[in-house]
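In what follows, a single structure is set out as structure tokens and then discussed.
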Amino acid sequence: MDLITSLTSQVMNKAMDGLSKRHKAIASNLANVDTPNYKRRDVSFEGALSHAIHEVKGQGSLARRQASNDEQLPMRTTRSEHILMGHAAASIDEVNPEIQEAEELQYRMDGNSVDVETEMVQLAKNTERFNALARMESGYFKGLRSVITGGGGA
3 MDLITSLTSQ
13 VMNKAMDGLS
23 KRHKAIASNL
33 ANVDTPNYKR
43 RDVSFEGALS
53 HAIHEVKGQG
63 SLARRQASND
73 EQLPMRTTRS
83 EHILMGHAAA
93 SIDEVNPEIQ
103 EAEELQYRMD
113 GNSVDVETEM
123 VQLAKNTERF
133 NALARMESGY
143 FKGLRSVITG
153 GGGA
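So for the sequence shown, the numbering used here puts the first residue at 3; every next one is plus one.
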């Protein structure tokens, strides 16, 4: 792995991809606020990305290491964000953020599950996260440029 495709760079890129898809999902939710039977959409990728980071660093979960020594028990999830043991991304490239219908109660009698206030809060949080990652990535590449050009060192 070279400097440009380092773990840090890969994680920032994958996180920005996920946040960008979440932004599209939120925009779709807001655009369909008056559409009967529309189910809000969301993107969840943080759990899978965190798991992949630990796998890449060689720090796979203790529970999974123990389960490989013992008889494996079937696992069940109650939310789409949960990670299935043995089915989770083992590398950063395998993390694939996708827009999915959120598992939530409907808010209105017409079957629509979009709440404008909730979506606006999510939009603000998502925007701040994306901007923070963009600043981090910019700083990362400024540091690389400084190293390459020989600046900033004594």
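Where is the CB? At the ideal position from N, CA and C, for every residue including glycine.
Under DSSP, residue 43 forms a beta bridge with 103. Residue range 118-151 is occupied by the alpha helix (DSSP H) that includes residue 123.
For residue 44, same chain residues with a beta-carbon under 6 Å away, outside a window of 5 residues either side, are 27, 104 in chain order. Burial check for residue 38: the Cβ neighbour count within 10 Å stays below 16, so the residue is exposed.
Per DSSP, the continuous alpha helix (DSSP H) segment holding residue 31 begins and ends at 9-33. Pairing residue 41 with residue 124 gives a Cβ-Cβ distance that is not under 9 Å.
Going by DSSP, residue 49 is part of the alpha helix (DSSP H) stretching over 48-58. In this structure, residue 9 lies away from residue 122, with their beta-carbon atoms at least 9 Å apart. Only residues of its own chain outside the window of five on either side were considered, and among them 41, 42, 106, 108, 109 have a CB closer than 6 Å to the CB of residue 115, listed in chain order. Judged by DSSP in its simplified three-state form, residue 95 adopts helix.
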